[in-house]
Structures are given as C-alpha cells and as structure tokens.
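S.K.: Numbering that gives the first Met the number 0 puts the last residue of the sequence shown at 356; the count rises by one with no breaks.
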Amino acid sequence: MPINKSGAPIQNAAVIFAEVPSDYPEAGKHIKYVKNRTININYVNTQGGIITKNLVISIDPYMRGRMRPAETKSYVESFELNQPLTNFFVGKVVKSDNNKYKVGQVVYGQGAYEEYTIHSKDQAESLRILSDEQLKLGLSLTTWIGAAGMPGQTAFYGFYYIGQPKKDETIFITGASGAVGQIVGQLAKREGLKVIGSAGTDEKVQWLKNELSFDHAFNYNTVNVRKELAKFNPLNIYFDNVGGDQLEAAIAVAADHARFVECGMISQYHKSNDVGIRNLILVVRKRLKLQGFIIFDQTKDENFNREFYSKVPKWIANGELKIKEDVTKGLEQAPEAVVGIFKGKNFGKAVVQIADD
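Have a look at this one:
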C-alpha cells in the first residue's frame, strides 16, 4: 500500500477548476494542474468514510456543462472553483473506516481528478465494489469507466429502452466513434439493423467501417449530411450525440414514427456554435418521437444495473463488443485532454490514467 508509514504528508496533485469559461475552456487558464497539495493518509479522520488511491478517471462531454457558475442550476452540480474536477473513476481503497470496504478493494463511482480522494461516509456508500468475478473478466480498469461503465450504460439504455430497435430498421448515430456511439453501433449490428454513423475525421470513419462493420460511415466535415443520408432508407432511429445541423438533417430524412434518442448535443455546448433547428414542423407531420434522457436517472435503478452488468462486461470480455479508448497518462496531461474532447480530438473513449496501481 502506498501509505507513508512515517506519517509524513505525501503529494496529492490535482486538476482543478480555476475559472468559468465563456466559450471553449482553455488548459492552464480554466483548468489547471497543480501539484502543491498534500495529504496525510495516516492521520485523516474520514468519519466513517474511506480514502482511495485514484487509478483512472473518465473524461466526458457532459463535463462542459459543469463548468458554469454555481448559481446556474442544471441536472448535475457545477464544478467547484479551485477544487479538483470530479467524474467517474476507478480507485483502490488505501484506508477504510467503513465496514463495507476493505483496504485493497477496487471501487468505481464518483471520484476526483487527484491522486488520493477522501470519501465521506455518504459518498462512500454510493461507490460500487468491483467484485472478484468482475475483475477476473480481465478488462482494463479504463474499461470500467467506459464501455463497462457510465458511457456503456448510456448506450445500452438509450438504444434499447428509447430506441426500441427492430430487425432490418435503419439507425443513424452521430459521434459514432465516441464512447457512447461505438457501443450503440455494435448493439445495433447485434440486433440486425442497418447502421450509419458520422465522425469528424477520415481515420475515424475508416475505423467504423473496417473494425466495427458499420454499413456506412462518413465524415460530416466533408460531405452534405442530408444528401448523404438521403442515399439510404428513411431513418427509423436517430441516436444523437451532436445536435445542430446533423439533427436537422436527420429530421429531414426520418421515416414516419421514427424514434430520436437525444443523448447529447456537443455542438451546442459553446455559445459560438448555437444553431437553430429549422424544420421542427416535421416532428408533427412525421409523428416523430424525440426523447432526451439523463443516464444518472437510470443508474439509481438496481434492476437496470443488474441487467447491464450481467451482459455488457461479458460481451466486451468475449470480444462481441470491441472498444477503442484514448488514454492520457498522468494528471499533468489531463487539462489538455479534457479540453480536447470538446473539439473532437479524442479517438475513442477518453480517459486519464492517474496511476498504475
């Protein structure tokens, strides 16, 4: 265990939220790496909580919405100024004052962009212990915060519960090479759908076609999206991670009674990219179903959790689901990686590897 037996404080470097951005956040200005922080693990009074050594932590598009003034309310709390960013993580328990947890156990849940985190009793109760059976699947710890974690749950719920797929239907997925999109596409192929995806580079497009066997994929930066979609059958399902022009194009080519799974709209996260949808009348004419969702609502449901964890990690382990991850090593590199996701610089699920063990 990495506890300093001498009782002296040890470094606890972090990535902090330094300033609220008005547009795209900047590394070193809005998000900063700081290493002049310490923790004394031996003498911290957790008051019934635990301390974790943080191993990996997720980078997700929804983090942009948390970079706002505290008084601006939303479905998830804002980041706290001058405190570490928080998100889903995997860590190892290095101190426990809670009977539920033992030193050495691996846990998943909400953690912080820092080397060590003190979890209060209430915070510790929300963590999930990765069981020996789960760890024996041999998945990388990064996968437990990706395809086998929140992004995988997002894909699974959105596709099956809202998309209501039927064999031989056509689905279009934006952000198809990202953490959620790549899983949705493979679930759709598994169910016998025709799968179309868009991505922001030719390299990502080729990966979707060659590695994930998408029926068609295209670079939305180099083609007319509406014309590209018009080459195929009308859409029955649209899984939206981007919004903006691609949402408008999908409405234009949708079949009657199509289901629109509104998962994210990263094109709308910055004021300079505000784009209105000009053909919403077609929602009425085509009797479209547009449903937004927040996966945090579903992860409180243990029936859903059991269904997801009994299926998806095993599908990944046996190769039925392929995954691509974009791993940044070291907290000091994390600010650039976090801001990069808002401009599509990541290729696959973006994660930060804080420590090896």
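A virtual CB, placed ideally from N, CA and C, is assigned to each residue, including glycine.
Would you decide whether Val102 is buried or exposed? Buried here means 16 or more other CB atoms lie within 10 Å of its CB.
M.R.: exposed
S.K.: Restricting to runs no shorter than 3 residues, where is the beta strand (DSSP E) found entirely within the region 25-77?
M.R.: 30-33, 49-57
S.K.: What first and last residue would you give for the beta strand (DSSP E) that runs through Gly110?
M.R.: 105-111
S.K.: Answer with buried or exposed for Gln152, where buried requires no fewer than 16 other C-beta atoms within 10 angstroms of its C-beta.
M.R.: buried
S.K.: For His118 and Ile9, what's the separation of their Cα atoms in angstroms?
M.R.: 18 Å
S.K.: Can you tell me where the beta strand (DSSP E) holding Val351 begins and where it ends?
M.R.: Val351: member of the beta strand (DSSP E) spanning 348-352, first to last residue.
S.K.: Go through its chain and collect everything with a Cβ distance to Asp255's Cβ below 7 Å, but skip five positions before and after it.
M.R.: If the five residues before and after Asp255 are omitted, its C-beta is found closer than 7 Å to the C-beta atoms of Lys285, Arg286, all from its own chain and listed in chain order.
S.K.: What are the boundary residues of the alpha helix (DSSP H) that includes Asn209?
M.R.: 201-209
S.K.: Return the bridge partner residues of Gln290 from the DSSP annotation.
M.R.: Val260
S.K.: What is the C-beta distance between Ala146 and Ile182, in whole angstroms, given that I count them as a contact (C-beta under 8 Å)?
M.R.: 6 Å
S.K.: Whole angstroms is fine: what's the gap from Asn44's alpha carbon to Thr51's?
M.R.: 14 Å
S.K.: According to DSSP, simplified to helix, strand and coil, what is Asn218?
M.R.: Three-state DSSP puts Asn218 in a strand.
S.K.: Compute the beta-carbon to beta-carbon distance between Val260 and Gly157, rounded to the nearest angstrom, for a pair I have assumed lies under 8 Å.
M.R.: Cβ-Cβ separation between Val260 and Gly157: approximately 5 Å, consistent with a contact (criterion under 8 Å).
S.K.: For a quick check, are the C-beta atoms of Ser95 and Ile40 less than 8 Å apart?
M.R.: no
S.K.: Per DSSP, which residues does Gln297 bridge with? Please list them.
M.R.: Paired residue(s): none; Gln297 is not in a bridge.
S.K.: Apply the 10 Å Cβ neighbour rule to Ser176 and answer buried if 16 or more other Cβ atoms are within range, or exposed otherwise.
M.R.: Burial call: buried.
S.K.: Based on DSSP bridge pairs, tell me the residues matched to Pro83.
M.R.: Ile15
S.K.: Check whether the Cβ atoms of Gly360 and Phe213 sit closer than 8 Å, and answer yes or no.
M.R.: Outside the modelled stretch of the chain, which goes from 0 to 356, sits residue 360, for which no answer is possible.
S.K.: Spatial neighbours of Val55 within its chain, please: C-beta separation below 7 Å, excluding the five flanking residues on both sides.
M.R.: So the list reads Phe88, Val89, Leu140, Thr141, Ile144, Val350, Val351, Gln352, Ile353, once near-sequence residues are dropped.
S.K.: Can you list the beta strand (DSSP E) stretches of 3 or more residues lying completely in the region 107-179, in chain order?
M.R.: 115-118, 169-172
S.K.: Please tell me whether Val75 and Phe341 are closer than 8 Å, where the distance is taken between their beta carbons.
M.R.: no
S.K.: What is the C-beta distance between Asn218 and Val204, in whole angstroms, given that I count them as a contact (C-beta under 8 Å)?
M.R.: 5 Å
S.K.: Using the Cα positions of Pro1 and Val93, report the straight-line distance between them to the nearest angstrom.
M.R.: Reliability of the predicted coordinates at Pro1 is poor, the pLDDT of 46 falling under 50, and no value is obtained from them.
S.K.: Could you give the C-beta distance for Gln195 and Thr169, rounded to a whole number, given that I count them as a contact under 8 Å?
M.R.: Note that residue 195 is Ile in the sequence shown here, rather than Gln. Yes, Ile195 and Thr169 are in contact; Cβ-Cβ is about 7 Å, under 8 Å.
S.K.: In this structure, does DSSP put Phe88 in helix, strand or coil?
M.R.: strand
S.K.: Is DSSP giving Ala229 helix, strand or coil here?
M.R.: Ala229: coil per DSSP, three-state reduction.
S.K.: Excluding sequence positions up to five away, which residues of its chain have a Cβ less than 8 Å from the Cβ of Ser125?
M.R.: Around Ser125: Gly108, Gln109.
S.K.: Shortest alpha-carbon distance to Gln104 belongs to which of His29, Leu134, Gly329?
M.R.: The shortest C-alpha to C-alpha distance from Gln104 to any of His29, Leu134, Gly329 is the one to Leu134.
S.K.: If you drop the 5 nearest sequence neighbours on each side, which residues of the same chain put their C-beta closer than 6 Å to that of Leu186?
M.R.: Taking Leu186 as the centre and dropping the five residues before and after it, the same chain places the C-beta of Phe158 closer than 6 Å to its C-beta, in chain order.
S.K.: Mapping the DSSP letters down to three states, classify Glu319 as helix, strand or coil.
M.R.: coil
S.K.: Cα-Cα, which of Ser309, Gly339, Lys348, Asn11 is closest to Glu418?
M.R.: Within the shown structure, residues of the chain are numbered from 0 to 356, placing residue 418 beyond reach of any answer.
S.K.: I need the straight-line Cα distance from Arg277 to Glu210, nearest angstrom please.
M.R.: 35 Å
S.K.: Does DSSP put Asn235 in a helix, a strand or coil?
M.R.: Reduced to three states, the DSSP call for Asn235 is strand.
S.K.: Return the first residue and the last residue of the beta strand (DSSP E) that Val194 is part of.
M.R.: 193-198
S.K.: Which one of Gln267, Asn302, Ala253 has the shortest CA to CA distance from Val283?
M.R.: It is Ala253 whose Cα lies nearest to the Cα of Val283.
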